[in-house]
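There are 2 protein chains.
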Amino acid sequence: MRRFVIGSARNLIESSRQKYQFERSILSSPYRFLSSSPAADSPSSSSSSSSTMAHPVSLNTINPKVIECEYAVRGEIVTLAQKLQEEMQTKPDAHPFEEILYCNIGNPQSLGQQPITFFREVLALCDHPAILDKSETQGLFSADSIERAWQILDQIPGRATGAYSHSQGIKGLRDTIAAGIEARDGFPADPNDIFLTDGASPAVHMMMQLLIRSEKDGILCPIPQYPLYSASIALHGGTLVPYYLDEATGWGLEVSELKKQLETSRSKGITVRALVVINPGNPTGQVLAEENQKAIVEFCKQEGLVLLADEVYQENVYVPEKKFHSFKKVSRSMGYGEKDIALVSFQSVSKGYYGECGKRGGYMEVTGFGADVREQIYKVASVNLCSNISGQILASLVMGPPKVGDESYESYSAERDGILSSLARRAKTLEDAFNKLEGVTCNKAEGAMYLFPRIDLPEKAIKAAEAAKKAPDAYYCQRLLAATGIVFVPGSGFGQVPGTWHFRCTILPQEEKIPAIVTRLTDFHKSFMDEFRG
Amino acid sequence: MRRFVIGSARNLIESSRQKYQFERSILSSPYRFLSSSPAADSPSSSSSSSSTMAHPVSLNTINPKVIECEYAVRGEIVTLAQKLQEEMQTKPDAHPFEEILYCNIGNPQSLGQQPITFFREVLALCDHPAILDKSETQGLFSADSIERAWQILDQIPGRATGAYSHSQGIKGLRDTIAAGIEARDGFPADPNDIFLTDGASPAVHMMMQLLIRSEKDGILCPIPQYPLYSASIALHGGTLVPYYLDEATGWGLEVSELKKQLETSRSKGITVRALVVINPGNPTGQVLAEENQKAIVEFCKQEGLVLLADEVYQENVYVPEKKFHSFKKVSRSMGYGEKDIALVSFQSVSKGYYGECGKRGGYMEVTGFGADVREQIYKVASVNLCSNISGQILASLVMGPPKVGDESYESYSAERDGILSSLARRAKTLEDAFNKLEGVTCNKAEGAMYLFPRIDLPEKAIKAAEAAKKAPDAYYCQRLLAATGIVFVPGSGFGQVPGTWHFRCTILPQEEKIPAIVTRLTDFHKSFMDEFRG
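So the sequence lines, in the order shown, correspond to chains A and B. Quick note: the first sequence, position 456, residue 456 per my numbering, numbers continuous. Converting from the second sequence to my numbering requires adding 1000 to each position, the first position being numbered 1.
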């Protein structure tokens, strides 16, 4: 059933035919899936057009790794949605729906989620410290936000929130984050292991840049995966070595599958450098069991792989039977320390209950590397000087929120619990709705912000997609968008077992909109199936 | 006198011996210049040490382009300064000075420069919009900052300052920036040409990533240069093609020199893709004359080179006889449009009179590329989702500050003029002081934030440096630091004509500290020269 294919970004970009081979193999579509970008469509032909003749730079002369890279969550379907939205601004009746419902990306505040008040109070005060000792400020801000702002300012040399910081981030903020990690894990954390970054994405890029020397270096990534990984491996010229999550066991991560893929890739001359694990999973929403994590740690230790742990959804767990355990905690609980396993944990202010995507805050905790390699990571960080200070402050707040007894504690925890319990209800409602659709099965939404239902499409629909030069899941998503305004991302953007079709749907639309989404989706699906039923 | 050498990052990293050849050629030092990092010191030997044996990742197995990259402004001398500072925290009398004076980096607020009040008011209000319609807010914030915050919020879909934006940045903010560029240049600017970024550095990386395919692709860079360029070319595996600025004519940029270097590199099989021009200059502080800029534009047009214009110091011009002209304005005034020249202009909120380094805001204006290549730039931007929203807002404020008649206009312009005139005085004082030192000559500080004086070192000092395994300018800077606490960056970090020695000094220490700096520097220099005079 499964095919195990290794896609070398660099080798497979030589011609557009090979490019589609890559897509067909890694992203598991027997169909070329189109992009609205002329670039991705016909890289070799466009240079002969008159518009590019005039420019010194053409698609034929840019870095082929850039052309190779794809990023589905802001890809073709989103471009189309934006176009429809623009049309509706001039002609409100142009389409059979009142608004576009963006379920394509984990961007909670764009869909109406409100920021946590305490966090925003502190950020505002740090942005304009001149008001901190004004009497009006007492009336506008909570006492503990004022106190926290003073604490943070005192941690910043010269109280200069407008200065470049240490390239790993302000030391006092890293102290707070390390203390938060310790409280979470029950094991020590070193502020010197923290690298604050503009969201988690630049941190992932930094590690790929460090580890990838050529297309002979491979990174084990889950399939389905978050496309940041395939994009960043492509940009850095490495090889994505896929391992398949087992949909039948709730997107289970089996170490036997990791071993098989490692051996297959080694037999092809690939040096596997690292294993990416996304927990809770994106786009799949599963939460790993601790025993499973122990086996993964053991595997990385035995095979000498760096464990790249994407833990940005650590606060997003919706089922009582599952709990988030950091890979650092799991490895330390096994007795493994600095010398035993190289582990990088990524965290972000964009997810959790905070959802502060636009602030671009995040960090990576880097353990198990020698001082010499750490120096190199520091050097790469220093070339971009530092991450933005507001994002740094927010990362410290997220890892050190108000405590029992603080003035803001009650309102803070009410806001937090309100968001998380609503997300859990939305996840369950959507999961149930998907499972009621003909030919659709959806695993339990244990965590993260997504559902990744599987859809068995009628043969006629697959033929219609082929005629429209679309992958079948992309065809379904485009028809859904055109009929309802709902934006899902086709599974082919994340990778899937060949011959299976999925889509990713976020659980983020406001709760009161969920019933209408379910109705519109259900109606569309029924008519789609009626149209194509054999 | 001059040597014209092309350094291929990838080829020259094979061994440490070759690495030092690269440094000797491009960075023009006949001496190996040391780094405190064990990595840069002995990449081949460290893997045999016991500490790295335990780790799966060693210097031998990471990306050699990372090892190759150097970033002097946060390099060895700064690490040493930080060490001294730490020592002084426990032992205040450990060194013969009371504080470390960081003149190594353009980081104004770290040295006490205050942020522009209006900018910070708007940022704070956008961070915590809940206070916008509270009565206390009227007492704390200016009326036009409240109005501007409302305007900006209305430009953000859903007023969600915590949401990911369009990957080029929020459209309304790009409109403001485009209007600011039009007002500056007198030629139209298109908001769709603007890509907002976390400071200028990621924008430079993005263009290098786009243009560099292999070590056969060259980028023409000034020598001396800002080390972001050498670092980013090294990280992307390209070749830095140096052109020398003429110190004798005030760091003049001669097109004949560009042509010579272009031909030399072509004869070696290098495809030159782009020309980097930094105007006003870093580290050299010169401001290009308009006629000179026209010749540069003509050269790029004729040779089909992308013009990468680092214009982050566009507000930092200190002499009445010089004026900043953007390369976009110059090329449009020559009648050259979209089809004639590919031009990228970089701007940042970190410089100018605002100096908001920690906010990580900036943009690039991308013109003269075909739609297909633009799609690729957009795709790369989208992989990191978007730049931070506070930085985006600040970039719009910097390009659209208060106007005559606005409530804040007078205080805003007083703050701005106060900073700029003080910087001009500091530049002149330091320039005069350098020119009074034996063996030191310093070009006029026309703009930017730096002076790059030349120092003729006695033969005995060069010998002493050699014995200490330092480049002579690094040796001078280390001795200066140890004696006075003043941090300069040796010229070898920027590149210089072989056999000449320089250092870079920012003009940023607070004005009242400048006399003491001059005295300490003068005393040190006299005793240094006395020690080594032949």
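Cβ atoms here follow ideal geometry from the backbone N, Cα and C, with glycine treated the same way.
Between Ile-1462 (chain B) and Tyr-1476 (chain B) a beta carbon distance of about 10 Å is seen, past the 8 Å cut, so the two are scored as non-contacting.
For Ile-1270 (chain B), same chain residues with a beta-carbon under 7 Å away, outside a window of 5 residues either side, are Ile-1006, Lys-1216, Gly-1218, Thr-1239 and Val-1241 in chain order.
Using a Cβ-Cβ cut-off of 9 Å, Ala-1248 (chain B) is close to nothing in chain A; its nearest Cβ partner there is about 32 Å away. For the options B:Ser-1345, B:Asn-1192, B:Glu-1247 and B:Ala-1483, the alpha carbon positioned closest to that of Pro-1498 (chain B) is the one of B:Glu-1247. Using a Cβ-Cβ cut-off of 8 Å, Ala-1178 (chain B) does not count as an interface residue toward chain A, since no Cβ of chain A sits closer than that to its own. Under a criterion of Cβ atoms nearer than 7 Å, the residues of chain B adjacent to Ser-167 (chain A) are, in order, Arg-1074. With a cutoff of 8 Å on beta-carbon distance, Glu-356 (chain A) and Gly-1162 (chain B) are scored as near each other. Following the DSSP letters along the chain, one finds Leu-173 (chain A) inside the alpha helix (DSSP H) bounded by residues 171–185. Under the 8 Å criterion on CB atoms, Phe-369 (chain A) is classed as interfacial with respect to chain B.
When the five nearest sequence neighbours on each side are left out, the beta carbons in the same chain lying within less than 6 Å of the beta carbon of Ser-230 (chain A) are those of Leu-240, in order along the chain.
Around the CB of Gly-1362 (chain B), 16 or more other CB atoms lie within 10 Å, so the residue is classed as buried. In this structure, the beta-carbon distance from Pro-56 (chain A) to Leu-1220 (chain B) does not fall below 8 Å.
With 16 or more other Cβ atoms inside 10 Å of its own Cβ, Thr-1484 (chain B) counts as buried. With the rule of 3 Cβ pairs closer than 8 Å, the region 190–202 of chain A does not count as touching the region 248–257 of chain A. Taking 8 Å as the cut-off, the beta carbon of Val-317 (chain A) is found closer than this to the beta carbon of Gly-447 (chain A). Contact between Arg-360 (chain A) and Asp-1198 (chain B) holds, with the beta-carbon distance rounding to 7 Å and staying under 8 Å. Collapsing the DSSP output to three states places Ala-482 (chain A) in a helix.
CA-CA distance, Val-330 (chain A) to Val-287 (chain A), rounds to 14 Å.
Any Cβ of chain B closer than 8 Å to the Cβ of Ser-58 (chain A) would place that residue at the interface, and such an atom is present. Contact between Thr-1367 (chain B) and Glu-1407 (chain B) does not hold, since their C-beta atoms are separated by about 36 Å, which reaches or exceeds 8 Å. Judged by their CB atoms, Phe-327 (chain A) and Leu-307 (chain A) are nearer to each other than the 8 Å cut-off. The shortest C-alpha to C-alpha distance from Tyr-244 (chain A) to any of A:Gln-151, A:Leu-173, A:Gly-281 and A:Glu-98 is the one to A:Gly-281. Taking 8 Å as the cut-off, the beta carbon of Leu-173 (chain A) is found closer than this to the beta carbon of Gln-392 (chain A). Straight-line spacing of the CA atoms in Arg-1425 (chain B) and Phe-1503 (chain B) works out to 20 Å. Contact of Asn-1384 (chain B) with chain A is assigned, a C-beta pair being separated by under 8 Å. The Cβ atoms of Phe-494 (chain A) and Pro-224 (chain A) lie closer than 8 Å to each other. Spatial neighbours of Ile-389 (chain A) in its own chain (CB-CB distance under 6 Å, excluding positions within 5 residues in sequence) are listed in chain order as Thr-161.
For Thr-1197 (chain B), the uninterrupted beta strand (DSSP E) run begins and ends at 1194–1197, by DSSP.
In this structure, the straight-line span from the alpha carbon of Asn-63 (chain A) to that of Asp-93 (chain A) is close to 43 Å. Counted as a single uninterrupted DSSP element, the alpha helix (DSSP H) harbouring Ser-1421 (chain B) occupies residues 1409–1436. Shown here for Arg-1374 (chain B): same chain residues with a beta carbon closer than 8 Å to its own, the five before and five after excluded, namely Val-1366 in chain order. Uninterrupted alpha helix (DSSP H) stretches at least 4 residues long and entirely within the region 1462–1521 of chain B occur at 1472–1484, given in chain order. Shown in chain order are the members of the region 193–209 of chain A whose Cβ falls below 8 Å from a Cβ of chain B: Asp-198, Gly-199, Ser-201, Pro-202, His-205 and Gln-209. For the region 303–319 of chain A, the set of residues with a beta-carbon nearer than 9 Å to any beta-carbon of chain B comprises Glu-303, Gly-304, Leu-305 and Val-306, in chain order.
For the pair of segments examined, the region 1106–1123 of chain B was found to touch the region 1140–1159 of chain B: the number of CB pairs separated by less than 8 Å reaches three. Scanning chain A for C-beta atoms nearer than 7 Å to the C-beta of Tyr-1102 (chain B) yields nothing, as the closest lies near 10 Å away.
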